[in-house]
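Take a look at the structure below.
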Amino acid sequence: VSDEERLLMAVTDRTRWFGLAVLSVGVAMIIVDATIVNVALPSIIREFDLALADAEWINSIYSLVFAALLITLGKVGDMYGRRRMFMIGLVIFVGASMMAGLATDGSSLIAARFLQGIGAAVILPATLSTVNATFQGKERGIAFGVWGSVIGGMAALGPLLGGWLTTEHSWRWAFYINLPIGAVALIGTVMWVKETRDTELQRGFDIPGILLSGIGLAAVVFSLIEGPRLGFFQQIDAFNAGPFAWPEHWISPVVATFVLGVLLLIGFVLNEKVRAERGRAVLFDLALFRFKSFSLGNSAAATLSLGEFGLVFVLPLFLQAVFGYSAFRTGLLLLSFAIGAFIGGPTAGILATKIGPRRVVRAGMGMEAVAILAVALLIAPEQSGWTFVLPLFVYGVGVGLASAQLTSVILSEVPTRESGQASGMQSTFRQVGAAIGIALLGTVLSAGLRSGTIDNLATIPDLPPVAQEGIVEAVAGSAGQVLPALAEQPGSEAVVAAVSDAFASAAQSTGFVAVAFVFLGFVLSTQLPDIRYTDRRTRSPAEQ
């Protein structure tokens, strides 16, 4: 090899790693935005006078749209260029962030989060497919370690950044911060990210599959989020959608939407099967489930996501309501989570090359389950917030170990020419799990908070039933964020203590449900095949 060729190889190698750094900036932006809102939510709830269901939608609509469009937009990137799609996604996401910062009410903020979900769905599969197509062998393990540490670390760093911005400026800056980050990512993409595409990919789009899966998932998530307000079986509140009003005295609309969602999802699976048999383009390539690593890995990822995001959703609400923490102090406490994730991510890449990613994934999931259980057991009104530092650190290390290596295991047996769709599918499983998990755990929190407040207030002597009912509605409607205002009222000590105990009990129950899902994900991970990076076959130039 000549000196000129060696120099060219060195420059190309350095460019690939610079490109990975740029892609990581894009991923960091969309992952931070999935968690940065959590510590800002109490401020948003108070400013817009939102109910818990509205707060859940601010989180869930992002994950839901993200999940519904990942595969389709991943395929578009495979066909027309992943670099190009990455840049388009950045523009959409930054524009939607500006809209979110300018929102004037809950509805406009939810609409902006909807658009952010579209941008995120363009960005994520483009980054993952590019990493999967660019790096091989042991470098692939390191690259996925970097990619995963960004996901885990940024998910943890989001609350700290959001807390500081909310406390020192406004919750709106939790969205405005994306403008300079997006600009840096765009410039870096032009300079260092190489265009990749799949010239052999089957053309065409599965429009019925997109509609069936998107509407089906939306219907299921709607049922879980709106169940506490509308009633899971018997209708307890009016439901209007534009000019349509759900007839009174019927069963709850939640029943109808849940059944509709399940039927649509069953129809989606049948549609994919029929289209595949006829050789037509499909949204979900069911044939990929022939790979054990892909099928079991996705099952573990979806189950893990059901519980993984619940802790970051519930804990900030509890800390700010019961302990009276500011958004910044809440984020500062969660910094231990970020530190753990930043340590766990790079360590995972090193360990995976030595002992295999399966063992790393199992260790990470096990640590997550133990840490969430510890946090749940420690939640109490009289507890110090700093008691959570150690379990949150362990939780962060677990997230860092499990996130990227689980992705790597899922894609390990998938041919590179199918990496775009496969990466979109695995990300979809994660986002579906996150959306349903937030909705489900939010339902557990809402139900526990309401029932616990009712029971505890009933034990306070001389508190009139009318006053009890008003307090219950205020607490349940604000996700407990009315507590600091209640504490300022003279003679409210007994009421504050009763509500605080109810919130702690509800948060504990939510934590136990989250632990159950994470532990189930751990059990599934024990069945993953022992894939090593050195086992990965060498790709042909056509596949790259």
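Just remember that my numbering sits 559 ahead of the position in the sequence shown, which is counted from 1. In this text, a Cβ means the ideal position worked out from N, Cα and C, and glycines have one as well.
- Task: Give me the Cα-Cα distance between GLY544 and ALA680, rounded to the nearest whole angstrom.
- Result: As shown, the chain starts at 560 and ends at 1103. That puts residue 544 outside it, with no answer to give.
- Going by Cα to Cα distance, which pick from ALA671, PRO601, ILE736, GLU754 is closest to THR574? Here the question's residue 574 lines up with position 15 in the sequence shown. Selected option, being the one with the closest Cα: GLU754.
- Simplified DSSP state of ILE1090, which is helix, strand or coil: Reading the sequence shown from its first residue, position 531 is the one you call residue 1090. Looking at ILE1090 - three-state DSSP - the assignment turns out to be coil, as it is neither helix nor strand.
- Leaving out five residues before and five after ARG1096 in sequence, what residues of the same chain have Cβ atoms less than 8 Å from its Cβ? Locating residue 1096 in the sequence shown gives position 537, where the first residue counts as 1. Bear in mind that the predicted position of ARG1096 carries a pLDDT of just 42, short of 50, making it unreliable; the figure below should be weighed with that in mind. Excluding positions up to five away in sequence, the list is empty.
- Item | Local conformation of ALA610 per DSSP, three classes | Residue numbering aside, residue 610 sits at position 51 when the sequence shown is read from its first letter. The three-state reading of DSSP puts ALA610 in coil, since its state is none of H, G, I, E or B.
- Message: Taking the alpha carbon of ALA599 as the reference point, which residue from VAL591, ALA744, THR725 has its own alpha carbon closest?
- Response: Locating residue 599 in the sequence shown gives position 40, where the first residue counts as 1. That would be THR725, whose Cα lies nearest to the Cα of ALA599.
- Task: Please confirm whether ALA702 and GLY721 have their CB atoms less than 7 Å apart.
- Result: To locate residue 702, count along the sequence shown from 1; it is residue 143. To locate residue 721, count along the sequence shown from 1; it is residue 162. It is not a contact, given that the beta carbons lie outside the stated cut-off.
- Quick one: grab the DSSP three-state call for GLN942. Taking the first residue of the sequence shown as 1, we reach residue 942 at position 383. Here GLN942 sits in coil by DSSP.
- Item | Alpha-carbon spacing of VAL929 relative to ASP1060, whole angstroms | Walking along the sequence shown from the start, residue 929 turns up at place 370. Walking along the sequence shown from the start, residue 1060 turns up at place 501. The alpha-carbon atoms of VAL929 and ASP1060 are separated by roughly 24 Å.
- Buried or exposed for ASP1089, please, with buried defined as at least 16 other CB atoms from any protein chain shown within 10 angstroms of its CB. The residue you call residue 1089 lines up with position 530 of the sequence shown. Residue environment: ASP1089 is assigned as exposed (fewer than 16 neighbouring CB atoms within 10 Å of its CB, all protein chains considered).
- Thinking C-alpha only, which one of ILE589, PHE848, PHE625 is nearest LEU970? As a first step, residue 970 must be located in the sequence shown, where it is residue number 411. Nearest C-alpha to LEU970: PHE848.
- Message: For chain B, check one thing: does any of its Cβ atoms lie closer than 7 Å to the Cβ of ILE902?
- Response: Among the protein chains of the structure shown there is no chain B, as only one such chain exists.
- Message: For a quick check, are the C-beta atoms of VAL586 and GLY717 less than 7 Å apart?
- Response: The residue labelled residue 586 in the question sits at position 27 within the sequence shown. The residue labelled residue 717 in the question sits at position 158 within the sequence shown. No, these two residues do not count as a Cβ contact at 7 Å.
- Task: Rounded to whole angstroms, what's the CA-CA distance from ALA907 to MET984? Just pull it up for me.
- Result: Numbered from its first residue, the sequence shown carries residue 907 at position 348. Numbered from its first residue, the sequence shown carries residue 984 at position 425. Their Cα atoms are separated by approximately 23 Å.
- Message: Beta-carbon within less than 6 Å of THR693's beta-carbon, same chain only, minus the 5 sequence neighbours each way: which residues are those?
- Response: Indexing the sequence shown from 1 puts residue 693 at position 134. ARG575.
- Selected residue, minimal CA-CA separation from ALA662, among LEU1083, LEU629, GLU606: Here residue 662 corresponds to residue number 103 of the sequence shown, with the count starting at 1. Comparing alpha-carbon positions, the option among LEU1083, LEU629, GLU606 lying closest to ALA662 turns out to be GLU606.
- Message: Considering only the alpha carbon of each residue, which of LEU719, VAL1074, PRO739 lies closest to SER895?
- Response: In the sequence shown, the residue the question calls residue 895 occupies position 336. For the options LEU719, VAL1074, PRO739, the alpha carbon positioned closest to that of SER895 is the one of LEU719.
- Task: Compute every distance between the C-beta of VAL591 and the non-hydrogen atoms of the ligand FAD, then say whether any falls below 6 Å.
- Result: Judged by which ligands are present, the structure shown has none, so any question about the ligand FAD falls away.
- Task: Look at the alpha carbon of SER962 and the alpha carbon of LEU1000, and state the distance between them as a whole number of angstroms.
- Result: Here residue 962 corresponds to residue number 403 of the sequence shown, with the count starting at 1. Here residue 1000 corresponds to residue number 441 of the sequence shown, with the count starting at 1. The alpha-carbon atoms of SER962 and LEU1000 are separated by roughly 21 Å.
- Might you give, ordered along the chain, the residues of its own chain that have their beta carbon closer than 8 Å to the beta carbon of VAL920, omitting 5 neighbours on each side? Position 361 of the sequence shown, counted from the first residue, corresponds to residue 920. Around VAL920: ALA859, LEU960, ALA961, GLN964, LEU965, VAL968, SER1084, LEU1087.
- How do the region 633-642 and the region 670-679 stand: do at least 3 beta-carbon pairs fall below 8 Å, yes or no? Two segments are said to touch when three or more pairs of C-beta atoms, one from each, lie closer than 8 Å; by this definition the region 633-642 does not touch the region 670-679.
- Per DSSP, which one or two residues make a beta bridge with GLN793? For this step, residue 793 is matched to residue 234 along the sequence shown. According to DSSP, GLN793 bridges with ILE810.
- Task: Tell me, to the nearest whole angstrom, how far the beta carbon of ALA880 is from that of PHE1071; I am working on the premise that it is less than 8 Å.
- Result: Along the sequence shown, read from residue 1 onward, the residue named residue 880 stands at position 321. Along the sequence shown, read from residue 1 onward, the residue named residue 1071 stands at position 512. With a Cβ gap of about 20 Å, ALA880 and PHE1071 do not count as contacting.
- Item | Nearest-angstrom Cα separation, counted from ASP1021 out to ALA777 | As a first step, residue 777 is located in the sequence shown; it is residue number 218 there, counting from the start. As a first step, residue 1021 is located in the sequence shown; it is residue number 462 there, counting from the start. Straight-line Cα distance between these residues: approximately 45 Å.
- With distances taken Cα to Cα, identify the nearest neighbour of TRP616 among PHE872, ARG641, ALA846, VAL818. Locating residue 616 in the sequence shown gives position 57, where the first residue counts as 1. Answer by Cα proximity: PHE872.
- Between the C-alpha atoms of GLY1011 and ILE769, what's the straight-line distance to the nearest angstrom? Residue numbering aside, residue 1011 sits at position 452 when the sequence shown is read from its first letter. Residue numbering aside, residue 769 sits at position 210 when the sequence shown is read from its first letter. Note on geometry: alpha-carbon atoms of GLY1011 and ILE769 lie some 41 Å from one another.
- How would you call GLY665, buried or exposed, if buried means at least 16 neighbouring beta carbons within 10 angstroms? Position 106 of the sequence shown, counted from the start, is the residue given in the question as residue 665. Buried, by the Cβ-count rule.
- Message: Using only CA atoms, which one of SER885, PHE988, ARG641 lies nearest to ASP757?
- Response: Residue mapping note: residue 757 aligns to position 198 of the sequence shown, counting from 1. The shortest C-alpha separation from ASP757 is found at ARG641.
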